[in-house]
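Since the structure comes first, as structure tokens, the remarks are kept for the end.
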Amino acid sequence: MSSLEQTLSIIKPDAVERNLDNEIKDIFKNKGFKIVKEKKIQITKLEAEQFYKVHETKPFYVDLCAYLSSGPIVVMILEKENAIIANRELMGATNPKDAIEGTIRKKFGLSIDKNSVHGSDSIDNAKIEINFFFKD
Ligand code: UDP
Ligand code: MG
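Under this note's numbering, think of the first position of the sequence shown as 20, with each following residue one higher.
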């Protein structure tokens, strides 16, 4: 079954810092994603802690929040049939070392923490994450 979905994508600081944001946006567009909304922002550590609250018990949580707030990011609402799973597939595995050819993390990811992109992992989380960055 297919349904038109929206998902939240973030181009993380390591990719924005290397000026890869336009190249990554082109990859999404070429794969049929519509960029419904986008903005380049820098979030505070507190905002990163709220965004990644689901990971608050994980050993990498503190570093992860420091990292996501360390520089500009590009946040986007992406729309496509089955956007959530399609985006997860296009992103590739969390650890770029495990990501397959043709994925964004394989191409651009530097390490498990500096893995260039974020994508929502479920319909519920997509709604929460879209609302987090685009409240209006
Ligand atoms: N992360 C990390 N170390 C780990 C696992 C995850 O630094 O051992 C970071 C990584 O940047 C990842 C983010 O935490 O993208 C969120 O982890 P998750 O398991 O949700 O991976 P994702 O959904 O981003 O693939
Ligand atoms: Mg995740």
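Idealized CB from N, CA, C, for every residue including glycine.
1. Just grab the DSSP bridge partners of M20 for me.
2. Thinking C-alpha only, which one of G121, K126, E120, A102 is nearest G138?
3. Apply the 10 Å Cβ neighbour rule to R212 and answer buried if 16 or more other Cβ atoms are within range, or exposed otherwise.
4. Quick one, are the C-beta atoms of L27 and F151 less than 9 Å apart?
5. Nearest by alpha-carbon distance to L109: which of A85, K77, D82, D140 is it?
6. Pick out whichever of N134, Y71, V35 has its Cα sitting closest to the Cα of A145.
7. With a threshold of 6 Å on Cβ separation, who are the neighbours of K99 within its own chain once the five nearest residues in sequence on each side are excluded?
8. Measuring only between beta-carbons, confirm whether G128 sits less than 9 Å from chain B.
9. Buried or exposed: which applies to L65, given that a residue is buried once 16 or more other Cβ atoms fall within 10 Å of its Cβ?
Let me lay it out:
1. Counting from 1 along the sequence shown, the entry for residue 20 is found at position 1. Partner(s): none; M20 has no beta bridge.
2. Numbered from its first residue, the sequence shown carries residue 138 at position 119. For the residues G121, K126, E120, A102, the minimum Cα distance to G138 belongs to A102.
3. For residue 212 there is no data in the structure shown, the boundaries of the chain being 20 and 155.
4. Taking the sequence shown and counting its residues from 1, the one referred to as residue 27 is at position 8. Taking the sequence shown and counting its residues from 1, the one referred to as residue 151 is at position 132. Yes.
5. Counting from 1 along the sequence shown, the entry for residue 109 is found at position 90. Ranking the options by Cα distance to L109, first place goes to D140.
6. For the purposes of this step, residue 145 is identified with residue 126 of the sequence shown, where counting begins at 1. It is Y71 whose Cα lies nearest to the Cα of A145.
7. Position 80 of the sequence shown, counting from 1, holds the residue named residue 99. Cβ within range, chain order: G51, F52, A105.
8. Within the model displayed, chain B is absent; a lone protein chain is all it includes.
9. Counting from 1 along the sequence shown, the entry for residue 65 is found at position 46. Exposed is the call here.
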